[in-house]
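Asks: Residues in the sequence shown are numbered consecutively from 1, following the UniProt record's numbering.
Glycine included, C-beta positions come from ideal geometry on N, C-alpha and C.
Keep in mind the model is a prediction, meaning the values are calculated, not measured.
My questions all concern the structure below.
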Amino acid sequence: MFTIKLKCPHCIRETHFRLLNVCEYYHKEPVKTGSVNNTHNVSVRSINESTHMKAYGVATCPECESPVLIWFECNYGQLQQAQRSSNQAEWRYTGELPKILGTYPSPQNPDDSPYYPQGLRAIFVELQEDILMNRTPARIVSGCRSVLEVALRSLGYEKNNLISRIEQARNDGIITESMKDWSHRVRINGNEAVHELQATQEEASEFVSFLKLFLEVVFVLPERIKQQQPHP
1 MFTIKLKCPH CIRETHFRLL NVCEYYHKEP VKTGSVNNTH NVSVRSINES THMKAYGVAT
61 CPECESPVLI WFECNYGQLQ QAQRSSNQAE WRYTGELPKI LGTYPSPQNP DDSPYYPQGL
121 RAIFVELQED ILMNRTPARI VSGCRSVLEV ALRSLGYEKN NLISRIEQAR NDGIITESMK
181 DWSHRVRING NEAVHELQAT QEEASEFVSF LKLFLEVVFV LPERIKQQQP HP
């Protein structure tokens, strides 16, 4: 058995993947169109236990049961052990773990930006991960309300209740009419999630997607535009 611990690119849970069908990855440059090889030279590659090489194996996430292709580098001795361990359940890989080069598909990284207010960056990343991991929707929706409130406060809207802050942001032209309507949905459903512990996965996914747009429009785009302006 040959296992590697890493974060699943589908559900982002960190777990142990059992690799199957481990093979060396090797390629040659393609022959140019129209060229003919008239020589009989044969390229020979010398291999010993310490020869460095790349390899890959297929696995299924034990958490979400999604397929993953794992690409790694190792020496020839490690590859031999990995191949035997992956094909024979009674063999367990005990050598040094290879270096992971990547996976296919690539991991789904949550949206984040240095332009987001520091007070909400960590929790917003967690909310996006919660969506991928299908965690409790009521917790996600209530968290979305908190992110919205912190975002408006970072824009200078600190007085009165959340209703007034949303309306003031619309009156000042910071958000559009549709963004205002969505903000009120987040506010109302967020209150219900806090007090009634009720929400759906669809609502949670929609609100996280809306907040990505909200934060992009009110925080990220103004900074990018500012950077594009010519300096005096």
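Quick one: using the 10 Å Cβ neighbour count with 16 as the cut-off for buried, is Asp112 buried or exposed?
Replies: exposed
Asks: What span of residues does the alpha helix (DSSP H) with Phe17 cover, start to end?
Replies: Note, Phe17: premise wrong, no alpha helix (DSSP H); beta strand (DSSP E) at Glu14 to Arg18.
Asks: Could you pull out every unbroken alpha helix (DSSP H) segment of at least 4 residues lying fully inside the UniProt domain "DUF4145" (135–211), listed in chain order?
Replies: 137–154, 162–171 and 177–196
Asks: Considering just the uninterrupted stretch of the alpha helix (DSSP H) at Phe124, what are its terminal residues?
Replies: Membership of Phe124 in the alpha helix (DSSP H) is indicated by the continuous run Gln118 to Leu132.
Asks: Kindly indicate the opening and closing residues of the beta strand (DSSP E) around Ala55.
Replies: Start and end: His52 to Thr60.
Asks: Hey, would you say Ala199 sits closer than 7 Å to Val141, going by beta carbons?
Replies: For Ala199 and Val141, yes; Cβs fall inside 7 Å.
Asks: Since Pro98 contacts Cys61 with CB under 8 Å, what's their CB separation in whole angstroms?
Replies: About 19 Å; that fails the 8 Å criterion.
Asks: Within its chain, find whatever has a CB closer than 8 Å to the CB of Val150; leave out the 5 residues flanking it on each side and keep chain order.
Replies: Pro117, Gly119 and Leu120
Asks: Can you find the residues in the same chain that come closer than 6 Å, C-beta to C-beta, to Ser50, ignoring five residues on each side of it along the sequence?
Replies: Asn75
Asks: Where does Leu97 sit, in a helix, a strand or coil, going by DSSP?
Replies: In this structure, Leu97 counts as coil in the three-state DSSP scheme.
Asks: CB-CB under 6 Å to Leu20, same chain, minus the five flanking residues each way: which ones, in chain order?
Replies: Excluding positions up to five away in sequence, the list reads Val58 and Ser86.
Asks: Taking just the CA atoms, how far does Gln80 sit from residue 235?
Replies: Nothing about residue 235 can be reported from this structure: the residues present for the chain run from 1 to 232 only.
Asks: Consult DSSP for residue 234 and reduce its assignment to one of helix, strand or coil.
Replies: For residue 234 there is no data in the structure shown, the boundaries of the chain being 1 and 232.
Asks: Using the beta-carbon count (16 or more within 10 Å), is Thr103 buried or exposed?
Replies: buried
Asks: Looking at the structure shown, is Pro222 part of a helix, part of a strand, or coil, going by DSSP?
Replies: helix
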